[in-house]
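Chemist:
Chains as they are written, first to last, in our numbering: chain A, 11 to 220; chain B, 2 to 246.
1) Can you list, in chain order, the residues of its chain with a C-beta nearer than 7 Å to that of residue 66/A? Leave out the 5 residues immediately preceding and following it.
2) Which term fits residue 111/B, buried or exposed, when burial requires 16 or more other beta carbons within 10 angstroms of its beta carbon?
3) Quick one: which residues of the segment 21 to 45 of chain B get their C-beta closer than 7 Å to a C-beta of chain A? List them in chain order.
4) Given residue 22/A, which residues of its chain have a CB within under 8 Å of its CB, disregarding the five upstream and five downstream residues?
5) Can the beta-carbon of residue 187/B be found closer than 9 Å to that of residue 45/B?
6) Does the CB of residue 52/B have a neighbour CB from chain A at under 9 Å?
7) Tell me, please, whether the CB atom of residue 112/A is closer than 9 Å to any CB atom in chain B?
8) What would DSSP say about residue 72/B, mapped onto helix, strand or coil?
9) Any beta-carbon of chain B closer than 9 Å to the one on residue 109/A?
10) Could you tell me which uninterrupted alpha helix (DSSP H) segments, each at least 4 residues in length, are contained entirely in the segment 134 to 180 of chain B, listed from first to last along the chain?
11) Less than 9 Å between CB atoms is the rule here; does residue 150/B satisfy it with respect to chain A?
12) Taking the C-alpha atoms as reference points, what is the distance between residue 239/B and residue 227/B?
13) Is it the case that the Cβ atoms of residue 61/A and residue 200/A are separated by a distance below 9 Å?
14) Give the residues of chain C in contact with residue 86/A, contact being defined as C-beta atoms less than 8 Å apart.
15) For residue 148/A and residue 170/A, I'd like the C-alpha separation in whole angstroms.
16) Any residues in the segment 51 to 75 of chain B with a beta carbon nearer than 8 Å to a beta carbon of chain A? Which ones, in chain order?
17) Please classify residue 133/A as buried or exposed, where buried requires at least 16 other C-beta atoms within 10 Å of its C-beta.
18) Is residue 14/B near the ligand SAM - that is, is its Cβ less than 8 Å away from at least one heavy atom of it?
19) Might you give, ordered along the chain, the residues of its own chain that have their beta carbon closer than 7 Å to the beta carbon of residue 71/B, omitting 5 neighbours on each side?
20) Considering just the uninterrupted stretch of the beta strand (DSSP E) at residue 123/B, what are its terminal residues?
21) Does any CB atom of chain A fall closer than 9 Å to the CB of residue 168/B?
22) Check distances from the C-beta atoms of the segment 65 to 87 of chain A to those of chain B and list, in chain order, the residues that come in under 8 Å.
23) Do residue 157/B and residue 136/B have their C-beta atoms within less than 9 Å of each other?
24) For residue 15/B, go through chain A and note every residue whose CB falls closer than 7 Å to its CB, in chain order.
25) Helix, strand or coil: which one does DSSP assign to residue 246/B?
26) Is there at least one Cβ from chain B nearer than 9 Å to residue 115/A's Cβ?
27) Fully enclosed by the segment 26 to 78 of chain B, which alpha helix (DSSP H) runs are 4 residues long or longer?
28) Among residues of its own chain, excluding the 5 on either side of residue 203/B, which ones have a beta-carbon nearer than 8 Å to its beta-carbon?
29) Can you tell me whether residue 210/A is buried or exposed? The criterion is at least 16 other CB atoms within 10 Å of its CB, across all chains shown.
30) Would you report the Cα separation of residue 113/B and residue 214/B, rounded to the nearest angstrom?
31) Tell me, please, which residues DSSP counts as bridged to residue 98/B.
32) As a quick exercise: from 96/A, 104/A, 107/A and 181/A, pick the residue whose alpha carbon is nearest that of residue 130/A.
33) When DSSP builds the beta bridges, which residues end up paired with residue 175/A?
34) Using a Cβ cut-off of 8 Å, pull out every chain A residue sitting near residue 242/B, in sequence order please.
35) Could you work out which residue in 41/A, 94/A and 86/A is closest to residue 7/B when comparing CA atoms only?
36) Specify the secondary structure class of residue 30/A as computed by DSSP and reduced to three states.
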């Protein structure tokens, strides 16, 4: 059992994933993609959908760009990357509008703004352009999950403290409200997200430097 | 082949593939999106009269069933007369009636107003006294998220409930969006005609105020009927309103 575990931890895929999730997390370590992390983390379900959308986009764009990497002319490579990413984002947006209309309305412009998310462009330019397709796909997935883990973490605290709910279900008992407990209005606003993300960054740096 | 030609060919090929994919996605999913938009509009009609809560999600079938059983959409002419199915089509306005049972509990006018960045679409519901607002909802707009976009939020829409579109003598004055909170910004006797504005969205407020006034002016003949008689005379076979495109 333990040898199997060691074997897994030695594979390159494992290292790619753990690197993106922890040592080099796009949000808490590289501080990328903060804009959407502030905006869509008021509720957990919007955060989860946003994380899924971004993961799908970054994984597919990495895969496609990596497959084309040898034939993309160097002088227009950024334009090609943007065109691929933009196409994927619009498709993701259309799919959300067709099947998750309420959530897509709440996410409003932020799905469209995945195009400008530094994580997607960054992975395409620094990783997919110089690595084979499968590796790039895994890297995209890992970075999407790394982004998503922070989003879900932040939204968990914001929804719990800001509206006393988790995934829309009330968890703070009525008795507590009757005793004078109040939801923290700050958590519903962008500054609340800033503080929570800051605490996440702090926590991660503290644990990594130990 | 020179590098320049290769680059142009590659770019052209990529553009073709991308546009093909986008066309496929857009046309393939259109039916679902239309259906969603329709249910969303019905939900907003119900929301304006307080039959469903805003900010909560409901199954599409529940919305459709509730809409089917409690909302009647009729056509009126510009003098506020309800058109019967036989009437020659002239200038026709749609009007929604909220009938949880046999009697009409409220009437709803569709809002189509100018906004800062695009049109604002929604519904404004009025009580059968012809002057008290029972609700307001917005289902489509292009205002800035966080600023003008607040018009779709509960706190802004709840503002409208109980406000008046007439002054104390019963003359039409419309409903206006104040600059800031009504408490500080508006004279005591005008308070029933104002709702709290959104800070940072003065222009959205200005355009929406104008839009609401135009629409209420258009529907004023209907409101007068309600004010004077507390009801609207419905012919046997009222002309069903045109479904919005």
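Note that beta-carbon positions come from the ideal geometry of N, C-alpha and C, so glycine has one too.
Modeler: In short:
1) 102
2) buried
3) 22, 23, 26, 27, 30, 33, 34, 37 and 41
4) 145
5) no
6) no
7) yes
8) strand
9) yes
10) 155 to 159
11) yes
12) 17 Å
13) no
14) The chain labelled as chain C is not found among the protein chains of the depicted structure, namely A and B.
15) 32 Å
16) 58
17) buried
18) Among the components modelled here there is no ligand, and therefore nothing to report on the ligand SAM.
19) 52, 99, 100 and 101
20) 120 to 128
21) no
22) 81, 82, 83, 85 and 86
23) no
24) 90 and 93
25) Confidence in residue 246/B is poor, its pLDDT being 49 and thus under 50, which makes the residue's placement unreliable; the coordinate value appears in the next sentence. In this structure, residue 246/B counts as coil in the three-state DSSP scheme.
26) yes
27) 31 to 49 and 61 to 71
28) 180
29) buried
30) 11 Å
31) 73/B and 108/B
32) 96/A
33) 180/A
34) The premise fails here: residue 242/B is roughly 24 Å from chain A at the closest Cβ pair, so nothing lies under 8 Å.
35) 86/A
36) helix
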